[in-house]
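Here the structure is laid out as structure tokens; the discussion comes afterwards.
Right, dumping it as structure tokens:
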């Protein structure tokens with residue numbers, strides 16, 4: 017495990033200067049790392065993908081608990097030196113570690129066995145798109161535990177009717193059962209962020225959502241519903257449907273009250289609306305999960 021002195025010494029030796037642009041806040045508390053690993057409920061046979069490993073604090077904690085870890089790091093300096101840190105700190109597990117130097121938003125394949133879990137301290141500025149991209153790209157991921165900004169954690173885990181329920185909430189629920197898994201203070205990071213953090217657990221659905229609509233079409237309805245979240249669904253979905261009357265017709269066919277707002281609907285209801293997309297509606301352009 018890396019403690020505060022270890023992290024600062026390692027960063028100084030490598031010439032690493034955390035940048036806000038990449039949301040780099042390194043965990044310096046070993047007990048927090050152990051807590052994250054426990055909350056992730058990873059097993060000895062798990063293959064874990066970690067996004068943004070930084071200097072390796074969480075990486076080392078995961079390697080103690082799982083079969084293998086594949087880390088995806090965009091920073092060239094950090095990517096270059098992380099394998100050396102693993103080899104020096106845990107030589108007996110070095111062959112169980114792989115490093116992919118890439119932007120997690122563009123990764124479409126990983127070396128070795130397919131990942132069964134995702135555990136990551138996600139950069140605040142790209143947390144949601146990275147999470148959605150990974151869940152869409154790697155359907156073998158059964159369990160996810162991410163640390164994100166506290167407000168983002170609230171939005172991801174929100175349920176219909178909650179004032180922060182929105183696009184991230186619904187799209188995450190397309191893939192998984194989502195819940196808050198704890199709060200993390202600021203003093204366990206270096207440098208300390210200006211916001212608190214939260215842990216979010218996602219357990220992938222045993223069976224995909226039952227719908228005849230494609231994910232891209234369901235996500236288009238979600239986007240439209242929340243683009244003007246104060247409007248009723250009849251008005252908010254007018255652009256998507258090709259007019260307010262067409263939107264009301266699609267909502268009626270889906271069994272959804274056109275007077276409701278998007279924040280009241282479950283992901284199943286959004287899927288039902290997508291199934292009744294009017295033929296007059298403009299076609300939905302294919303988009304990545306992250307863009308959606």
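Residue numbers (my numbering): 17 to 308.
Even for Gly, the Cβ is constructed at its ideal location relative to N, Cα and C.
Check                                                                                            : Outcome
Supposed close pair residue 67, residue 88 - CB separation, criterion 8 Å                        : 5 Å
C-alpha gap between residue 261 and residue 252, whole angstroms                                 : 12 Å
Exposed unless 16 or more other CB atoms sit within 10 angstroms - verdict on residue 70         : buried
Within 8 Å, strictly: CB atoms of residue 26 and residue 52                                      : no
Segments assigned alpha helix (DSSP H), at least 4 residues, entirely inside the segment 214-299 : 231-243, 249-252, 254-257, 260-270, 283-291
CB of residue 101 within 8 Å of CB of residue 72, strictly                                       : yes
Three-state class that DSSP yields for residue 211 in the structure shown                        : coil
6 Å CB neighbourhood of residue 160 in its chain, flanking five on each side removed             : 134, 218
Alpha-carbon spacing of residue 98 relative to residue 91, whole angstroms                       : 11 Å
Cβ pair residue 292, residue 263 closer than 8 Å                                                 : no
Residue range of the alpha helix (DSSP H) that includes residue 50                               : 46-56
Beta strand (DSSP E) runs wholly inside the segment 176-204, at least 3 long, in chain order     : 192-200
Residue 40, enclosing beta strand (DSSP E) - first and last residue                              : Taken as a continuous stretch (DSSP letters only), residue 40 belongs to no beta strand (DSSP E), as it is neither H nor E.
Residues bridged to residue 89 [DSSP beta-bridge criterion]                                      : 117
Backbone CA spacing between residue 230 and residue 148 [nearest angstrom]                       : 16 Å
Under the three-state DSSP convention, the category residue 150 falls into                       : helix
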